[in-house]
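Chemist: I have a structure I would like to understand better, so I am pasting it below and will then ask my questions one at a time.
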Amino acid sequence: LIMSKKQIYYSDKYTDDDFEYRHVVLPKQLAKLVPTSHLMTEDEWRGLGVQQSQGWIHYMVHKPEPHILLFRRPLPKDLKE
-9 LIMSKKQIYY
1 SDKYTDDDFE
11 YRHVVLPKQL
21 AKLVPTSHLM
31 TEDEWRGLGV
41 QQSQGWIHYM
51 VHKPEPHILL
61 FRRPLPKDLK
71 E
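Numbering of the sequence shown is given in the working numbering, commencing with residue -9 and proceeding in unit increments.
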């Protein structure tokens, strides 16, 4: 994976039975601004420059890699079986 040190990387989306997921990798400069006390609100992650459609929720922190933000959103009901 080759990327600029200043660039935000967006993973492909992947799903399970209930959610759509993606992860976002922040450059080190931005990673320093990620709060460690709580999961970010949409306003907070947008404030860091993360750009994605509405409905994504920052749902988990992977402690060894705090620069990787883990997001999910519920699948539309018509896609659930």
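All C-beta atoms in this analysis are idealised placements derived from N, C-alpha and C, irrespective of residue type, glycine included.
Could you give the residue range of the beta strand (DSSP E) that holds Glu10?
Modeler: By one-based count along the sequence shown, residue 10 stands at place 20. Counting along the chain, the beta strand (DSSP E) containing Glu10 begins and ends at Phe9 to Val15.
Chemist: At which residue ranges does the region 9 to 64 contain complete beta strand (DSSP E) runs of 3 or more residues, listed in the order of the chain?
Modeler: As far as the region 9 to 64 is concerned, its whole beta strand (DSSP E) runs of at least 3 residues are 9 to 15, 47 to 51 and 58 to 64.
Chemist: Give me the Cα-Cα distance between Lys22 and His57, rounded to the nearest whole angstrom.
Modeler: What you label residue 22 is simply residue 32 of the sequence shown in a count that begins at 1. What you label residue 57 is simply residue 67 of the sequence shown in a count that begins at 1. About 8 Å.
Chemist: When you compare the CB positions of Ile47 and Arg36, do they come within less than 8 Å of one another, or not?
Modeler: Along the sequence shown, one-based indexing puts residue 47 at 57. Along the sequence shown, one-based indexing puts residue 36 at 46. No, the pair does not count as a contact, with Cβ atoms beyond the cut-off.
Chemist: Out of Pro66, Leu16, Ser1 and Tyr49, which has the shortest C-alpha to C-alpha gap to Leu29?
Modeler: In the sequence shown, the residue the question calls residue 29 occupies position 39. With distances taken between Cα atoms, Leu29 lies closest to Tyr49.
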